[in-house]
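Each step along the sequence shown adds one to the number in my numbering, with nothing skipped, and position 135 is 137.
Every residue, glycine too, gets a C-beta built ideally from N, C-alpha and C.
The structure presented is a predicted model; accordingly, all values stated were derived computationally and were not measured.
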Amino acid sequence: MLPSVTCLNISRCNIHSIYGGELNVTVPLSKLLASGTTFLNINLQFAPVEADDLSYIDLSGSSVDNFHFLGHMKALEHLNLSFGAMSDDLMWPLSRIGEKLRYLNLNNTRVTKIGLCIISSNVLVLETLLLSHTSVDDDALLYIHSMPSLREIDLSNTKIKGFTLSLLQNLTHLQSLNLEQTLVTDEALHLLSVLQELKCLYLKSEILSDVSLQVLSSLPKLTFIGFRGTVLSNAGLQLFSPPPMLQVLDLRGCWLLTEDVVQSFHISYPQIDLRHEFVHSHFATAGQYVVPSKLKGGKSSQASRTFQRQNFVDERLKYNREELLELQFLRLPSLSLNSSKAVLPKMLLKE
Numbered sequence: 003m004l005p006s007v008t009c010l011n012i013s014r015c016n017i018h019s020i021y022g023g024e025l026n027v028t029v030p031l032s033k034l035l036a037s038g039t040t041f042l043n044i045n046l047q048f049a050p051v052e053a054d055d056l057s058y059i060d061l062s063g064s065s066v067d068n069f070h071f072l073g074h075m076k077a078l079e080h081l082n083l084s085f086g087a088m089s090d091d092l093m094w095p096l097s098r099i100g101e102k103l104r105y106l107n108l109n110n111t112r113v114t115k116i117g118l119c120i121i122s123s124n125v126l127v128l129e130t131l132l133l134s135h136t137s138v139d140d141d142a143l144l145y146i147h148s149m150p151s152l153r154e155i156d157l158s159n160t161k162i163k164g165f166t167l168s169l170l171q172n173l174t175h176l177q178s179l180n181l182e183q184t185l186v187t188d189e190a191l192h193l194l195s196v197l198q199e200l201k202c203l204y205l206k207s208e209i210l211s212d213v214s215l216q217v218l219s220s221l222p223k224l225t226f227i228g229f230r231g232t233v234l235s236n237a238g239l240q241l242f243s244p245p246p247m248l249q250v251l252d253l254r255g256c257w258l259l260t261e262d263v264v265q266s267f268h269i270s271y272p273q274i275d276l277r278h279e280f281v282h283s284h285f286a287t288a289g290q291y292v293v294p295s296k297l298k299g300g301k302s303s304q305a306s307r308t309f310q311r312q313n314f315v316d317e318r319l320k321y322n323r324e325e326l327l328e329l330q331f332l333r334l335p336s337l338s339l340n341s342s343k344a345v346l347p348k349m350l351l352k353e
């Protein structure tokens, strides 16, 4: 039966042979699902697979640490190598199979800008590039911007600071960009104004403020804005003029906002699905984060939550709710803190 199989799911298995040890057997697979799978010798085990047929491979979380077999998969369109051993020095086989490759998931791998340099000139039809939880930095954009067909890029939880974001203006098809948990600043975010085709933007950072939200007003095709965990103020939200096509504005974790201002915005723009702790509707479900369908995945979500828990200390835990609300409107003394006359509010003296 195996020679007639076109789709094979061997996820979370220990594989010694795909074809049972029979010689002169070819397998016309078009789709292989091997997430979390352990292979004894993947180059040998892939020998019977007809390379001209295989278009979809999922090796996420697998034991594979040798990718030479990929160099023959010229028909490959979808490749998921997330949570695996892929690194820069193992990227060379991918440079030979980019003619039809449209989806590449490298989340939680050891790939850096060097690996992207290796494949950048050979993935001209690549539409989705996922690099979350990798060590890529701003120099990586020098290579990403030469992938002209990109529609979706995930750079969340990377070393991106944003000073080369203007390079993305060459990506005229770019529709979704994830910059959550990066070091992008208000100043750098101004460079996104060149992305006039952008539809979904995901931001989550304690260093972004009102200024960044105002910049997003200039992106006319935005339908989804994630601006979570920022220091957005009441004034910033009141001054925000939503893009005409905006459908979802996710402000969860923007704790400086007061309920009256949030509700006022919600009433003023009823067509927008506003997500915040003060919005009480069936659209706003605390803890549920909507991402592009291609980015959904249990492992990725779990890893993201683990990363955030390990790297984030919430200073608000020092205060009760009443104290936090008081802090929103508090003006600190203009005196220097070194002055003996400067007296801080009691709540700010907590240790």
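{"Asked": "Residue 132 to residue 113, Cα distance in whole Å?", "Found": "11 Å"}
{"Asked": "Can you tell me whether DSSP reads residue 2 as helix, strand or coil?", "Found": "Only positions 3 to 353 of the chain appear in the structure, and residue 2 is not among them; the question remains open."}
{"Asked": "Taking the alpha-carbon positions, what's the residue 252 to residue 230 distance?", "Found": "6 Å"}
{"Asked": "I'd like to know whether the C-beta atoms of residue 206 and residue 183 end up nearer to each other than 8 Å.", "Found": "yes"}
{"Asked": "I need the straight-line Cα distance from residue 75 to residue 214, nearest angstrom please.", "Found": "43 Å"}
{"Asked": "Quick one: give me the first and last residue of the beta strand (DSSP E) that residue 154 is part of.", "Found": "154 to 156"}
{"Asked": "In three-state DSSP terms, what is residue 82?", "Found": "strand"}
{"Asked": "Of all the alpha helix (DSSP H) runs that stay within the bounds of the region 5 to 84, which reach a length of 4 or more residues?", "Found": "44 to 47"}
{"Asked": "Under the rule that 16 or more other beta-carbon atoms within 10 Å means buried, what is residue 14, buried or exposed?", "Found": "exposed"}
{"Asked": "Where does residue 198 land, buried or exposed, given buried means 16+ other C-beta within 10 angstroms?", "Found": "exposed"}
{"Asked": "Name the DSSP beta bridge partners of residue 228, please?", "Found": "204, 252"}
{"Asked": "Compare the Cα-Cα distances from residue 53 to each of 91, 36, 238, 99 and report the closest residue.", "Found": "99"}
{"Asked": "Please name the residue or residues paired with residue 178 in a DSSP beta bridge.", "Found": "154, 202"}
{"Asked": "Buried or exposed: residue 78, going by 16 or more other Cβ atoms within 10 Å of its Cβ?", "Found": "buried"}
{"Asked": "Let me know if residue 36 comes out buried or exposed under the rule of 16 or more other beta-carbons within 10 Å of its beta-carbon.", "Found": "buried"}
{"Asked": "Based on the DSSP secondary-structure assignment, which residues constitute the bridge partners of residue 277?", "Found": "252"}
{"Asked": "Do residue 61 and residue 82 count as a contact pair if the criterion is CB distance below 8 Å?", "Found": "yes"}
{"Asked": "Who does residue 89 pair with in a DSSP beta bridge?", "Found": "112"}
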